[in-house]
Amino acid sequence: MANFYKLAIPQDRTERLQYIKRMFPQAAGSMLSDEWRGGRREALKRLNTIDTEAYNRNRNFLNGAVSHLSPYFRHGCLTLKEAADSVRSRFGDQSQKFVQELAWRDYWRRVWYELGDGILSDIEDPKVKLGDKLLPDFIRQGITGLPCMDGVIRDLKHEGYVHNHARMWFAAYVVHWLKVDWREAADWFESYLLDGDKASNHLSWQWVASSFSAKPYYFNKENLARYSGEKHCASCKVNCPFDNSYEMLFEKLFGDIPPETAKVRSETILERVPFSSKRAIAIYVHDEMLSSAHPLMHKPIPKIFVFDIKVYGKWPLKRLQFVADCLSELMDVEVWIGNTAEVLQERNVGQVITQDTPNKQIKNLLEPFNTNWQPEVKFVEAEISEKRLKRFSRYWDKAGTELFGDIASSES
Ligand SMILES: Cc1cc2nc3c(=O)[nH]c(=O)nc-3n(C[C@H](O)[C@H](O)[C@H](O)COP(=O)(O)OP(=O)(O)OC[C@H]3O[C@@H](n4cnc5c(N)ncnc54)[C@H](O)[C@@H]3O)c2cc1C
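As structure tokens, then:
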């Protein structure tokens with residue numbers, strides 16, 4: 038019996054969410070809320086309501102005017118270039134800070150293209166000693182005893198979204214206070230995110246850890262209380278591990294122990310699917326190109342998306358539902374569940390056209406096929422050398438200049 042079949046994604050949203058729940062009985066977690074409806078239409082709505090003046094003022098506060106666009110960029114509903122063009126035309130130079138944040142995503146992605154799976158382990162020698170503890174159960178269960186960190190874990194699990202500042206606090210707590218191996222923590226964290234992305238996630242963890250930055254990121258209670266609006270601190274009764282000056286915390290967390298020697302990068306062993314039939318051509322739609330405006334969507338060629346267990350087997354329910362929302366807007370895309378090679382074989386496909394990606398999981402699925410990898414829409418046209426990819430500030434000197442002319446300063 039074939040272990041793949043075609044799905045009929047319902048147009049009605051309530052039915053759609055229930056349908057995905059039935060089709061993926063193994064998927065963990067709660068249903069996707071209305072607030073996080075997937076798809077390009079919703080992405081454009083969010084883009085059009087960005088207020089860059091408020092963003093410049095308060096983006097670092099948990100209740101600041103951030104865009105909540107990351108899951109939409111992650112799944113290709115909107116490109117970074119579209120977003121940058123839109124805010125630059127509406128707000129001119131006042132959009133610089135927002136565009137610079139978009140640039141972080143582009144930067145991490147370029148590093149992913151450059152280093153491949155090398156981003157999954159230490160890129161540089163860490164600048165402080167890092168720990169190698171396993172992720173404790175109290176983190177997995179969200180019972181750290183610290184209301185602020187429990188709050189982050191609650192948002193992560195219930196919403197699939199955490200504000201950037203809270204992600205930084207949490208990563209620093211896990212890596213520097215608890216001395217957990219950042220790689221295990223990063224994998225766990227990503228598995229709950231609606232915007233889960235290898236580059237933005239793993240490289241941010243490395244940035245916090247100091248294996249891809251000049252120094253470790255850490256914070257104190259004053260910083261957390263200020264940017265969270267005392268949300269957790271006001272009624273907190275615990276002996277706060279963050280309540281100290283930066284100098285004292287540095288001493289406490291890192292002492293004067295010399296940096297650990299670089300760890301050996303682990304090589305991932307790639308699975309291959311043998312298949313050699315070369316008949317029809319199809320567009321393979323993957324999870325980074327779910328937009329009706331994508332150039333490949335306009336070609337009169339069959340378009341196929343496969344929920345392949347190798348990639349989506351561990352995704353939480355709400356993220357699968359988010360993807361289904363996106364797919365429901367792509368009227369002529371066939372949606373299948375099963376093994377990619379088997380589905381393409383069933384559809385007589387030998388040659389595939391798709392958007393390029395640094396994601397090896399996707400590349401491996403298409404390994405047996407003659408694949409035409411089309412370049413992504415570029416965020417900036419400028420060539421960014423390998424040397425500039427070593428630090429965001431060097432990358433931004435070049436990218437920012439293309440976007441805003443001679444920019445006075447670069448923040449990184
Ligand atoms: C430990 C950690 C893990 C992270 N994991 C992910 C992840 O898996 N996927 C992901 O998309 N982002 C990740 N980020 C980056 C960032 O936290 C989110 O992109 C941001 O919080 C999304 O919220 P927003 O769309 O409201 O952001 P806004 O502030 O409105 O920014 C607009 C867009 O700019 C991009 N952006 C902003 N800040 C960053 C950043 N620091 N790094 C990369 N892109 C950025 C995002 O695409 C975002 O949607 C992580 C950050 C940290 C510290």
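Using our numbering, read the sequence shown as starting at 38 and increasing by one per residue. Backbone N, C-alpha and C define an ideal beta-carbon position, used for all residues, glycine too. None of these values were measured; they are calculated from a predicted model.
Open item on the list: Quick check: what's the CA-CA separation for residue 301 versus residue 438?
Closed with: Here the model assigns residue 301 a pLDDT of 33, short of 50, so the residue's position is not dependable, and the following value carries that caveat. Between residue 301 and residue 438, the alpha-carbon positions lie close to 37 Å from each other.
Task: CA nearest to the CA of residue 120, picked from 111, 354, 139 and 103 - done: The residue from 111, 354, 139 and 103 with its alpha-carbon nearest to that of residue 120 is 139.
Task: Alpha carbon of residue 264 to alpha carbon of residue 57, nearest angstrom - done: Their backbone Cα atoms lie some 37 Å apart in a straight line.
Open item on the list: At a cut-off of 8 Å, would you count residue 188 as near ligand 1, judging by its Cβ distance to the nearest heavy atom?
Closed with: Not so, every heavy atom of ligand 1 lies at least 8 Å from the Cβ.
Task: Sequence-distant residues of its chain with Cβ nearer than 7 Å to residue 104 (five each side left out) - done: Correct list, in chain order: 83 and 87.
Task: Coarse secondary structure for residue 341, derived from DSSP in three states - done: Strand, per DSSP.
Open item on the list: Three or more C-beta pairs under 8 Å: does that hold for the segment 365 to 377 against the segment 410 to 427?
Closed with: With the rule of 3 Cβ pairs closer than 8 Å, the segment 365 to 377 does not count as touching the segment 410 to 427.
Open item on the list: For residue 407, report the span of its beta strand (DSSP E) as first-last.
Closed with: In this chain, the beta strand (DSSP E) harbouring residue 407 covers 407 to 411.
Task: beta-carbon residue 226 near ligand 1 non-hydrogen atom, thresh 8 Å - done: Correct: residue 226 has its Cβ closer than 8 Å to ligand 1.
- [ ] Please report how far the alpha carbon of residue 342 lies from the alpha carbon of residue 231, in whole angstroms.
- [x] Residue 342 and residue 231 have their C-alpha atoms spaced approximately 19 Å apart.
TODO: Using a threshold of 9 Å, state whether the C-beta atoms of residue 377 and residue 321 are closer than that.
DONE: Between residue 377 and residue 321, the gap from beta carbon to beta carbon is short of 9 Å.
Open item on the list: So within the segment 106 to 171, which uninterrupted alpha helix (DSSP H) runs reach at least 4 residues, ignoring any that extend past its ends?
Closed with: Those alpha helix (DSSP H) runs which fall completely within the segment 106 to 171 and span 4+ residues are 107 to 111, 117 to 128 and 133 to 152.
Open item on the list: Tell me the rounded alpha-carbon separation between residue 40 and residue 393.
Closed with: Distance between the alpha carbons of residue 40 and residue 393: 28 Å.
Open item on the list: Does the beta-carbon of residue 326, which I'm using as the reference point, lie nearer than 8 Å to any heavy atom of ligand 1?
Closed with: When distances are taken from the beta-carbon of residue 326 to the heavy atoms of ligand 1, even the shortest one reaches 8 Å or more.
Open item on the list: Rounded to whole angstroms, what is the Cα-Cα separation between residue 92 and residue 134?
Closed with: One Cα belongs to residue 92, the other to residue 134, and the distance between them is close to 8 Å.
- [ ] Count the other C-beta atoms from every protein chain shown that fall within 10 angstroms of the C-beta of residue 108, then say buried if there are 16 or more, exposed otherwise.
- [x] Buried, since its Cβ has 16 or more Cβ neighbours within 10 Å.
- [ ] Within its chain, find whatever has a CB closer than 6 Å to the CB of residue 236; leave out the 5 residues flanking it on each side and keep chain order.
- [x] So the qualifying residues of the chain are 145, 146 and 149.
- [ ] Please state whether DSSP places residue 391 in a helix, a strand or coil.
- [x] It is a strand residue.
Open item on the list: Please determine whether the Cβ atom of residue 96 lies at a distance below 8 Å from any heavy atom of ligand 1.
Closed with: In this structure, residue 96 has its CB closer than 8 Å to one or more heavy atoms of ligand 1.
Open item on the list: Tell me which residues share the same chain as residue 43 and place their Cβ nearer than 6 Å to its Cβ, disregarding the 5 neighbours each side in the sequence.
Closed with: Non-local beta-carbon contacts of residue 43 in its own chain, meaning distances under 6 Å to residues more than five positions away in sequence, involve 373 in chain order.
Task: Rounded straight-line distance, which links the Cα of residue 402 to that of residue 285 - done: Note on geometry: alpha-carbon atoms of residue 285 and residue 402 lie some 50 Å from one another.
Open item on the list: For ligand 1, is there any heavy atom lying closer than 8 Å to the beta carbon of residue 142?
Closed with: Checking the Cβ of residue 142 against ligand 1 gives yes.
Task: Contact the segment 260 to 274 vs the segment 240 to 249: 3+ CB pairs below 8 Å - done: The answer is no - the segment 240 to 249 does not touch the segment 260 to 274, with fewer than three Cβ pairs under 8 Å.
- [ ] Look at residue 143 and residue 117 and say whether their C-beta atoms are less than 9 Å apart.
- [x] In this structure, residue 143 places its C-beta atom within 9 Å of the C-beta atom of residue 117.
TODO: Tell me residue 372's beta-bridge partners as DSSP assigns them.
DONE: DSSP lists 44 and 342 as the beta-bridge partner residues of residue 372.
Task: Residues that DSSP places opposite residue 322 in a beta bridge - done: DSSP output for residue 322 lists no bridge partner at all.
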